[in-house]
Amino acid sequence: MFDFKSVADACVKCGKCIPDCTIYKISGDEVHSPRGFIELLGAYQKGQLELDKQMKNVFESCFLCTHCVNVCPSSLPTDEIIEEVRADIAKTFGIAWYKRLFFYLLKHRNMMNFFSACGALLSPLLFKEIRGGGGLVPRFPLPFIAKRVIPKSYHKSFLEKYPEEILSSNSKKTARRVAIFIGCLSNYNYVSVGDSLLSILDTLGIDVFLAKSQQCCGAPAYFTGDKETVFKLIEKNLIYFESFIDSVEAVLIPEATCAAMILHDWQRIIKDKPELQEKMQKITAKFTMASQWLYAHTHLHAILASKKKQDKIITYHDPCHARKVLKIFQEPRFLIQQNYSIQEMSDPNSCCGFGGITMQTEKYEYAHKVGENKALMIKESGAEIVSAECNACRMQLNNAMHQSGVKVLFVHPLELIADAIKDNEHG
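Take 19 as the starting number for the sequence shown in my numbering and just add one per residue.
Rendered as structure tokens:
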């Protein structure tokens, strides 16, 4: 068990975390705040507090945005203790059937492919696409969805669209080879992100191994407390990636949440499993966010700088898992700025309000309020496009902008870069 008491004792209650806390900003209740969470968990470990439905409700209200960790003078791991107590909550109260079904599909890729394809076939009957391909909205009143935007499914996932080995068509190729860890949202719902990454790598003359037997990183299950599912997914991924990791220069991840899960959370999750530690160290040393690797290890910026400027203004949203966990925020901006003008919103570092599967289902009112604030920032920036290297943010922001009447498109940084290259080549 995580030592909640030691974290509670280390907290000096200075309150520096309070103004930055995503849930406190909308609840105004210090129970829903980092030092409130810490104090309650200390009492829980001491046996002074029962893990009842009221406490379940409190501990599931955290967005896990890690603002508090970044501003805490002692860097107390509030996010880690919340994630740990959610495993206790899952054991005590169980996991809702629809979450268990979703996690089952995450562990069984073939079944996920089948249901995704079914969704793509049936969705036109129930949903219509909103402006700019930002997602789907119901044609008729549907329970639990109402006016919410949902991402589109495709007949073929990204991993199903292409062969496993993709050789660059560039005649000036340098015999470099990378793999891609695509992430579930890019695989099933926003496949143009993977298409764009392949296009960029082809321009750079880099071969790609698509790693078709990869599994989900486990983030949805982990943030819900389903540790059993997480362990299975990590173990499968480690065994699979070990089989070819020496043959690739890097494994590129276009999703902030997947990258943070692999590079930050996996280490903690398997700390008590020494048989997996060595594998993980070897494998994750080559995992990196796509923008970070393209910025640091290729001449992409020079290619982009040689192209004409695009007549579009971008505002950039910093995903919590990219900026606050992995400290990645300058790299995507630098690449985008080669061809586009960036107009920063008032607080690009504030959480979009996605918060995970529980927040999106059982506590949607919180996600809606945070998203509403972010949509207003995007509107006030005056930009035509909002971008972020995270498709969970994309789903949340598309929904927030649709409900707030904000007519701004979301475009992933890799899509912007690929479009800039293509427009110039065809221009």
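By construction, the Cβ of each residue, glycine as well, lies at the ideal position given by its N, Cα and C atoms.
Burial state of residue i, where buried means 16 or more other Cβ atoms lie within 10 Å
i	result
Tyr-334	buried
Tyr-122	exposed
Tyr-116	exposed
Ser-261	exposed
Gly-445	Here the model assigns Gly-445 a pLDDT of 46, short of 50, so the residue's position is not dependable and the matter cannot be decided.
Val-426	buried
Val-30	exposed
Gly-212	buried
Phe-120	buried
Arg-127	buried
Glu-407	buried
Gly-152	buried
Ser-186	buried
Arg-53	buried
Gly-46	exposed
Gly-371	buried
Glu-102	buried
Leu-140	exposed
Asp-97	buried
His-420	buried
Glu-433	buried
Phe-259	buried
Gly-236	buried
Strand pairing of residue i, partner residues [DSSP]
i	result
Leu-154	Glu-147 and Ile-168
Ile-332	Ile-360 and Ile-403
Met-307	Ile-271
Ala-197	Phe-227 and Val-269
Glu-183	Phe-227
Phe-428	Val-404
Contacting residues, own chain, Cβ-Cβ under 8 Å from residue i (five flanking each side not counted)
i	result
Asp-21	Gln-63
Ser-496	Residue numbering for the chain in the displayed model covers 19 to 445; residue 496 lies beyond these limits and cannot be assessed.
Asn-205	Ser-175, Phe-176, Leu-177 and Gly-212
His-319	Tyr-313, Phe-352, Leu-353 and Gln-356
Ile-163	Pro-156
Ser-217	Ala-436, Ile-439 and Lys-440
Terminal residues of the alpha helix (DSSP H) in which residue i lies
i	result
Leu-119	115–125
Asp-244	Where Asp-244 is concerned, there is no enclosing alpha helix (DSSP H), given that its DSSP letter is neither H nor E.
Ile-163	Looking at the DSSP string, Ile-163 is not in any alpha helix (DSSP H), and its letter there is neither H nor E.
Leu-55	Residue identity differs from the one stated: residue 55 is Phe in this sequence, not Leu. Looking at the DSSP string, the run of the alpha helix (DSSP H) that includes Phe-55 is 52–63.
Phe-111	96–111
Phe-22	22–28
Val-343	Element bounds for Val-343: n/a, residue is neither H nor E.
Lys-43	40–45
Ser-214	209–222
Ser-324	From DSSP, Ser-324 is part of no alpha helix (DSSP H); its letter is neither H nor E.
His-173	Segment: none, His-173 is in no alpha helix (DSSP H) and carries neither H nor E.
Ser-79	From DSSP, Ser-79 is part of no alpha helix (DSSP H); its letter is neither H nor E.
Lys-297	292–302
Asn-205	202–206
Residue span of the beta strand (DSSP E) that contains residue i, given as start and end
i	result
Met-279	Here Met-279 belongs to no beta strand (DSSP E), and DSSP marks it neither H nor E.
Same chain only: Cβ atoms within 7 Å of residue i, ignoring 5 sequence neighbours per side
i	result
Leu-281	Thr-302, Phe-305 and Leu-344
Asn-255	Gln-232 and Gln-233
Ala-26	Ile-56, Glu-57, Leu-59 and Gly-60
Lys-146	Leu-154, Val-155 and Arg-157
Leu-228	Leu-177, Tyr-180, Glu-182, Ile-184 and Ile-198
Val-49	Val-76
Glu-267	Arg-194, Arg-195 and Val-196
Cβ shell of residue i (< 6 Å), same chain only, five flanking positions each side left out
i	result
Cys-83	Thr-40, Cys-338 and Cys-369
Met-413	Pro-169
His-173	Ala-135 and Ala-138
Tyr-6	In this structure the chain extends from 19 to 445, so residue 6 is not present and cannot be described.
His-430	Val-211
Ala-15	Only positions 19 to 445 of the chain appear in the structure, and residue 15 is not among them; the question remains open.
Lys-397	Val-424
Gly-389	Gly-371, Gln-414 and Ala-418
Ser-399	Thr-333, Gln-361 and Met-363
**Prompt:** Taking one C-beta from the stretch 122–140 and one from the stretch 169–178 each time, how about it: are there three or more such pairs within less than 8 Å?
**Reply:** Here the stretch 122–140 makes contact with the stretch 169–178; the two share three or more CB pairs at distances below 8 Å.
**Prompt:** Taking contact to mean at least 3 C-beta pairs separated by less than 8 Å, is the stretch 104–118 in contact with the stretch 242–259?
**Reply:** These segments touch.
**Item:** contact_flag[the stretch 367–383, the stretch 348–355] where n(CB pairs < 8 Å) is 3 or more
**Value:** Because the criterion of three Cβ pairs below 8 Å is not met, the stretch 367–383 and the stretch 348–355 do not touch.
**Item:** the stretch 355–374 / the stretch 328–344 touching (three or more Cβ pairs under 8 Å)
**Value:** As far as the Cβ criterion goes, the stretch 355–374 touches the stretch 328–344, which means the pair count is three or higher.
**Asked** Should the stretch 272–280 be regarded as contacting the stretch 194–206, the criterion being three or more beta carbon pairs within less than 8 Å?
**Response** When C-beta atoms of the stretch 272–280 are compared with those of the stretch 194–206, three or more pairs fall below 8 Å, so the two segments count as touching.
**Prompt:** Is the stretch 323–333 touching the stretch 434–443 in the sense that three or more CB pairs, one from each, lie closer than 8 Å?
**Reply:** Using a C-beta cut-off of 8 Å, the stretch 434–443 makes contact with the stretch 323–333, since at least three inter-stretch Cβ pairs fall below that distance.
**Message:** Under 8 Å: do the stretch 410–424 and the stretch 392–402 share three or more Cβ pairs, one atom per stretch?
**Reply:** Flag = yes, the stretch 410–424 and the stretch 392–402 touch.
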